[in-house]
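Here's the structure, in structure tokens; my notes come after.
Numbering (this note's numbering), first residue to last: 7 to 273.
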């Protein structure tokens, strides 16, 4: 039967690492549930703890074969390998960890026979990850200091984006800001023409100024919500943050107010 995977912020529970003592139909049912859930979610492996079962059972899928580890214990580790890991519990949140590149494991099969396994590289890493779950642990508990703080920030934002401090090179809000500044500069400079134009052309200039101010105000009103949207998409970009967006819009509004005041007294 396909089981629901426990996912953050759901609690994994406090009951874990319960040793399997009876190799009966109940155990076979747990193993089948793990296999069905692996298939349904296109996973490489699962610990029973990940579907809310406290028993010390791990199932690994290797191509079309299943490796069932009951009461697994890693008794020897060699070498090291740095991996970037994600887990179904934390979704798309990743963490960089150092694992043993070779492990030796003792476990029991579905009949209760004691077995030994030497695993390397990807298989070794996968088994270590699933054995962590049998002890109630996740990739977060493997981190310390700054790495754990960064991981917690990722959890707060819901993805890895906050670590990317780069800003989009084709930001629409930045283009809007540039157009606003050009229109403001044009409008302020154009006011100087009032001293050399005749009455007819002065009226035309007044219309141009009015249209320019309407366009500037419209662009500012577009800039704020679109900037907020880009801020949600690019959380690591400092210029995309709400405070920066509102500050830019406020400065533009002050300039627009100054332009309006000049137009009021000149015309």
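Quick reminder that beta carbons are idealized off the backbone N, C-alpha and C, glycines included.
Please read all numbers here as calculations on a predicted model, not as lab measurements.
### Query
What is the DSSP secondary structure of residue 37, counted as helix, strand or coil?
Residue state, collapsed to three classes: helix.
### Query
How far does the beta strand (DSSP E) with residue 69 in it reach, from first residue to last?
Premise fails: residue 69 is in no beta strand (DSSP E) and is neither H nor E.
### Task
Check each candidate in 105, 71, 94 and 163 and name the one with the smallest Cα separation from residue 53.
Cα-wise, what sits closest to residue 53 is 94.
### For residue 102, three-class secondary structure by DSSP
Three-state result, residue 102: strand.
### Task
Tell whether a beta-carbon distance below 7 Å holds between residue 7 and residue 31.
No, these two residues do not count as a Cβ contact at 7 Å.
### Query
Using the C-alpha atoms, what's the distance from residue 154 back to residue 133?
Going by the C-alpha atoms only, they are around 22 Å apart.
### Task
From the DSSP output, in three-state form, read off residue 200 for me.
DSSP, reduced to helix, strand and coil, places residue 200 within a helical segment of the structure shown.
### Message
Measuring only the C-alpha atoms, how far is residue 147 from residue 230?
### Response
Take the alpha-carbon of residue 147 and the one of residue 230: they are about 40 Å apart.
### Task
Please check the pair residue 122 and residue 110, which I expect to be a contact at CB under 8 Å, by giving their CB distance rounded to whole angstroms.
Yes, they are in contact, since the Cβ atoms of residue 122 and residue 110 sit about 7 Å apart, within 8 Å.
### Task
Report the option in 235, 84, 127 and 220 whose CA atom is closest to the CA atom of residue 259.
For the residues 235, 84, 127 and 220, the minimum Cα distance to residue 259 belongs to 220.
### Query
With a CB to CB cut of under 7 Å and the five nearest residues on each side skipped, what residues in its chain are close to residue 36?
Only 54, 59, 61 and 63 meet the Cβ criterion.
### Query
Per DSSP, what kind of secondary structure is residue 88 in: helix, strand or coil?
Residue 88 sits in a strand when the DSSP states are folded into three classes.
### Query
In angstroms, rounded to a whole number, what distance separates the CA positions of residue 248 and residue 46?
Cα atoms of residue 248 and residue 46: separation of roughly 40 Å, rounded to the nearest angstrom.
### Task
Flag this pair as yes or no: are the beta carbons of residue 89 and residue 105 separated by less than 7 Å?
Against a cut-off of 7 Å, the Cβ pair of residue 105 and residue 89 comes out as a contact.
### Message
Assuming residue 251 and residue 233 are in contact, meaning their beta carbons sit under 8 Å apart, how far apart are those beta carbons, in whole angstroms?
### Response
That belief holds up - the Cβ atoms of residue 251 and residue 233 are roughly 4 Å apart, short of 8 Å.
### Query
Which word fits residue 160, buried or exposed, when buried means at least 16 other C-beta atoms lie within 10 angstroms of its C-beta?
Residue 160 is buried by the Cβ-count criterion.
### Query
Since residue 274 and residue 272 are thought to touch, with beta carbons under 8 Å apart, how far apart are those beta carbons, to the nearest angstrom?
Because the chain spans 7 through 273 in this model, residue 274 falls outside it and cannot be assessed.
### Query
Looking at residue 67 and residue 50, is the spacing between their C-beta atoms short of 7 Å?
At the C-beta level, residue 50 and residue 67 come within 7 Å of one another.
#### Entry: residue 3, DSSP secondary structure in three states
Shown here, the chain extends from 7 to 273; a query on residue 3 therefore has no answer.
### Query
To the nearest angstrom, how far is it from the Cα of residue 157 to the Cα of residue 117?
The alpha-carbon atoms of residue 157 and residue 117 are separated by roughly 40 Å.
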